[in-house]
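In our numbering, the protein residues as written are 53 to 369.
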């Protein structure tokens, strides 16, 4: 990507999109194209078609999606599969129609089977049943990967799907009804601290293991991949299997350990109570990041420091 290239970041106000914007601006990219949801509804096929025909971006980061934790996935399964399928279908197809040079499609580690061997390698996709609590979302993202692969094979496009592990950071969603685990814990412990509660309740048993990546590091990896020389980028698209690469840290911890970390960062002095009647979700989700590591990229932000930054961002919001 040249610094004057027109780059469209779909979903620029979200956790992922805002991190991508910060990274691109830091690296000196000046021709960044954005639209809010009010300005462009990505589920509107005609509106997306007209937008791409008018703007003709050179590069696209497809970070727009309907996302959420276990509660949101269980409550709104229809929206999770419909909205994500329609958004990615519209954007990927219109990118093809106006000859976008490269497109980066952002998925999720939930695409892998519920009882996937650990760490999860890219080739484990579609080798077993999905986690029931987020299956509609996972199937939508799998469809996006397949669409990128199909367009590459039939039309010679250069569409790469990246699968970040669990993300957290500035511009996260802290609504307890549909947030992911880290923002939910930050808010719960913060409010418990202000109320001087004796304890704070965390869903599940605390035993599942999860991997977490600071959003700025994720954005750095995405821009790094989009800037790869043609030879390296083509290799990612032409290896056996879909054009898929994991982004993560390669390290995980239990939800109980995470809760203790967040509790310390927030400064909550009470106890942690686990509501074992609530679902745990997938037992473990650890990414195999060897493919990305071989390309020369490594994460920079350790979890404790990332949590401190995320908490400062939450308090300022």
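Positions of the beta carbon are idealized from the N, C-alpha and C atoms, including for glycine.
Here the structure is a predicted model, which means the values were calculated and not measured.
| field | Distance between beta carbons of residue 267 and residue 220, contact taken as under 8 Å | value | Within the chain shown, numbered from 1, the residue matching residue 220 stands at position 168. Within the chain shown, numbered from 1, the residue matching residue 267 stands at position 215. So it is a contact: roughly 7 Å between Cβ atoms.
| So which of 195, 81, 258, 245 has the shortest CA-CA distance to residue 306? | The residue labelled residue 306 in the question sits at position 254 within the chain shown. Closest in C-alpha terms to residue 306, from the list 195, 81, 258, 245, comes 258.
| query | Do the stretch 118 to 132 and the stretch 79 to 89 touch if we need at least three Cβ pairs shorter than 8 Å? | reply | no
| query | Is the CB-CB distance between residue 135 and residue 118 below 8 Å? | reply | Taking the first residue of the chain shown as 1, we reach residue 135 at position 83. Taking the first residue of the chain shown as 1, we reach residue 118 at position 66. A contact, by the Cβ cut-off of 8 Å.
| Are at least three pairs of beta-carbons, each pair with one atom in the stretch 331 to 339 and one in the stretch 170 to 187, less than 8 Å apart? | yes
| task | In angstroms with no decimal places, state the Cα-to-Cα distance between residue 318 and residue 147. | result | For the purposes of this step, residue 318 is taken as the residue at position 266 of the chain shown. For the purposes of this step, residue 147 is taken as the residue at position 95 of the chain shown. Spanning the two alpha carbons is a distance of roughly 43 Å.
| field | Under the three-state DSSP convention, the category residue 349 falls into | value | Locating residue 349 in the chain shown gives position 297, where the first residue counts as 1. It is coil, neither helix nor strand.
| query | What beta strand (DSSP E) runs, 3 residues minimum, are completely inside the stretch 277 to 356? | reply | 296 to 299, 323 to 327
| query | Roughly how many angstroms lie between the CA atoms of residue 139 and residue 110, to the nearest whole one? | reply | Here residue 139 refers to the residue found at position 87 when the chain shown is read from its first residue. Here residue 110 refers to the residue found at position 58 when the chain shown is read from its first residue. Answer to the nearest angstrom: the Cα atoms are 19 Å apart.
| request: Indicate the three-state DSSP secondary structure (helix, strand or coil) for residue 164 in the structure shown. | output: Stepping through the chain shown from its first residue, residue 164 is reached at position 112. Here residue 164 sits in coil by DSSP.
| Span of the alpha helix (DSSP H), counted from its first residue to its last, around residue 102 | In the chain shown, the residue the question calls residue 102 occupies position 50. Its alpha helix (DSSP H) spans residues 97 to 107.
| task | For residue 150, name the three-state secondary structure that DSSP assigns. | result | Residue numbering aside, residue 150 sits at position 98 when the chain shown is read from its first letter. Coil, per DSSP.
| Close beta carbons around residue 178, own chain, < 6 Å, minus the five adjacent residues each side | Taking the chain shown and counting its residues from 1, one reaches residue 178 at position 126. For residue 178, where only same-chain residues beyond five positions count, there are no Cβ hits under 6 Å.
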